[in-house]
Amino acid sequence: MSKDGLILPKDFPQLQNDTFLRAARGEETEHVPVWCMRQAGRYLPEFRESRAGKDFFDTCRSPETCCELTLQPLRRFPFDAAIIFSDILVIPQAMGMDVQMVAGKGPTFPDPLKEPEDLQRLQAKVDVDKELGYVFKAITLTRHKIEGKVPLIGFTGAPWTLMSYMIEGGGSRTFSKAKRWLYRHPEASHMLLRMLTDVIVEYLLGQVAAGAQALQVFESHAGILGPVEFQEFSLPYLRDIARCVKDKLKEAGKDVPMIVFAKDAHYGLEDLSQSHYEVVGLDWTIDPRSARERTGGKVSLQGNMDPCAFYAPKERISDIVKKMLEGFGTRGYIANLGHGLYPDMDPESVGAFVEAVHQHSKQMIKQ
Ligand code: CP3
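Numbering (this note's numbering), first residue to last: 34 to 400.
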């Protein structure tokens with residue numbers, strides 16, 4: 034224990050289930066590993082209870098609560114990985130922007146970026162230990178408390194997705210305010226994307242130093258871009274992040290698998306599979322077989338059941354999972370949803386999903 038009573042990022046319990054890490058690297062496994070995006074979320078009554086009456090970002094700043102929320106789904110389901118409870122919008126906060134989580138509305142920036150001059154309001158060089166040290170503490174604490182049961186995934190939002198929130202000020206159907214910048218202020222857009230990339234690289238390295246065993250980069254708003262804009266404003270930065278993080282980790286003798294999840298970026302699949310990430314995450318609109326063909330065995334794949342399949346009866350979930358496994362094959366594959374779980378979903382469906390992945394894949398691998 035350190036002076037301030039927080040546990041240090043060393044002497045972590047030994048990992049007992051490395052199925053997820055092996056699948057990420059394309060190695061053989063006994064079953065297909067499975068986890069769910071938003072597995073720590075409002076569909077769990079215990080999550081709602083822990084979060085009740087508390088501000089969302091105050092919760093993110095409490096390492097103990099983040100640890101508890103991360104562990105909750107593992108107590109119910111035999112997931113093969115955990116993702117740290119936090120949010121992608123802690124980065125704009127660290128750069129000096131105010132972000133609130135408004136009930137019924139979602140993330141809200143009271144004072145979004147409007148014109149390129151507004152970039153001057155941002156903190157370009159962020160001291161990530163000072164501004165985001167609470168996330169690192171949550172990761173270290175969780176790595177200890179998870180007792181080596183499964184690996185712990187750290188994450189970040191990708192530059193374009195963060196930029197789109199910082200300009201739009203919240204969710205949007207069109208993200209036209211953010212896209213206006215791409216067409217009207219391309220230079221300022223690149224300046225902002227570069228600033229974000231630099232912070233993200235430091236942030237991810239800090240997460241690994243704190244104990245994260247894999248990293249996922251969420252480009253949730255990739256689908257708002259067309260193929261040309263994706264090539265210019267998203268892909269180069271996604272590549273840069275993976276390359277810089279990997280180079281720095283290599284110097285430190287570390288190797289942590291990285292996942293890129295660019296939602297609805299069909300047109301970018303080939304490029305994403307050659308962007309230095311070990312794993313490409315897929316949304317549910319992509320056919321597993323065609324994703325395999327298009328990525329040519331260069332990467333592992335993760336995904337991609339439609340979260341709404343959780344509304345189906347349990348037997349149906351099992352059939353859907355079986356088809357998905359047949360489509361992806363069992364090697365170099367991590368089962369997941371095509372996006373996060375919704376709050377009204379039944380935890381029993383999640384249990385049925387995890388069980389179906391394990392059972393069907395064990396049988397398929399034995400054959
Ligand atoms: O279990 C997990 O997946 C880990 C935690 C996690 C959260 N947010 C917790 C959260 C992760 C990985 C995220 C990432 C995130 N946050 C993304 C990328 C993934 C995606 O969904 O595309 C995005 C776009 C955000 C921004 C954000 N935060 C949104 C759009 C919302 C939803 C607002 C709402 O009211 O539904 C949030 C809030 C949020 N982040 C919740 C959780 C569990 C729900 C709110 C709550 O707990 O009160």
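For glycine and all other residues, C-beta sits at the position ideal for the given N, C-alpha and C.
Rounded C-alpha distance that separates residue i from residue j
| i | j | result |
| --- | --- | --- |
| V289 | V168 | 18 Å |
| A191 | D113 | 24 Å |
| C100 | T173 | 9 Å |
| T363 | K399 | 11 Å |
| K158 | C341 | 41 Å |
| G259 | Q396 | 41 Å |
| G204 | L102 | 24 Å |
| E348 | T52 | 25 Å |
| S35 | E180 | Residue placement at S35 is flagged as unreliable, the pLDDT there being 48, under the threshold of 50; the coordinate-derived value follows with that caveat. About 19 Å. |
| E284 | M338 | 37 Å |
| A406 | F263 | Outside the displayed range of the chain (34 to 400) lies residue 406, so it cannot be described from this structure. |
| V404 | R325 | Summary: the structure shown does not reach residue 404, with the chain confined to residues 34 through 400, and so no result is reported for it. |
| G329 | E63 | 23 Å |
| V447 | I353 | It is not possible to answer for residue 447, since the shown part of the chain is limited to 34 through 400. |
| A221 | A385 | 48 Å |
| H309 | A295 | 14 Å |
| L152 | P106 | 39 Å |
| M378 | K182 | 25 Å |
| L165 | A127 | 7 Å |
| F142 | D273 | 27 Å |
| E61 | K331 | 15 Å |
| F90 | G74 | 14 Å |
| E381 | R217 | 48 Å |
| I233 | A171 | 17 Å |
| F45 | R55 | 19 Å |
| S351 | D280 | 41 Å |
| Q47 | T175 | 13 Å |
| L238 | Q49 | 24 Å |
| S197 | E82 | 31 Å |
| I116 | Y270 | 23 Å |
| G286 | L104 | 29 Å |
| R213 | T189 | 24 Å |
| E11 | V278 | For the chain, the structure presents residues 34 to 400; residue 11 sits outside this window and is missing. |
| S394 | R58 | 18 Å |
| D160 | I200 | 23 Å |
| V387 | V261 | 38 Å |
| L305 | S95 | 34 Å |
| A389 | M291 | 26 Å |
| M224 | T194 | 15 Å |
| L374 | Q72 | 7 Å |
DSSP bridge partner residues for residue i (one or two, in chain order)
| i | result |
| --- | --- |
| M291 | L248 |
| V135 | G139 |
| N369 | N337 |
| V67 | A368 |
| N312 | The question names Asn, yet the displayed sequence has Val at residue 312. Paired residue(s): I292, S333. |
| I116 | I186 |
Reference residue i; option with closest CA among the options
| i | options | result |
| --- | --- | --- |
| A255 | E388, P219, L315 | L315 |
| A368 | A345, C69, G239, L48 | C69 |
| Y300 | S267, D273, E60, M291 | S267 |
| M134 | P78, C277, R272, G86 | G86 |
| P42 | V241, I124, F142 | V241 |
| Q392 | Q47, F90, P111 | P111 |
| A372 | A389, V261, S253 | Note that residue 372 is His in the sequence shown, not Ala. Checking every option, the nearest Cα to that of H372 belongs to S253. |
| D162 | P140, A243, F251, P376 | A243 |
| A245 | I186, M199, Y344, V261 | I186 |
| E97 | K178, L305, G59 | K178 |
| M130 | G59, F118, G202 | G202 |
| K356 | R58, P125, G336 | G336 |
| E235 | A275, R213, S209 | A275 |
| V313 | D320, L302, S323, R322 | L302 |
| D88 | I319, R58, S119 | S119 |
| P219 | R84, W317, P149, M228 | P149 |
| R227 | I257, L282, L155 | L155 |
| L248 | L370, I121, P376 | I121 |
Cβ-heavy atom distance, residue i to the ligand ADP, below 7 Å
| i | result |
| --- | --- |
| D91 | With respect to the ligand ADP, the structure offers nothing, as its ligand set consists of the ligand CP3. |
Min CB distance residue i to chain C below 8 Å
| i | result |
| --- | --- |
| P66 | Here there is only one protein chain, and chain C is not present. |
If you scan the stretch 155-231 from start to end, which runs of the beta strand (DSSP E) of 3 or more residues do you find wholly inside it?
-> 185-190
Taking the runs of the beta strand (DSSP E) that are 3 residues or longer, which of them lie wholly in the stretch 234-279?
-> 247-252
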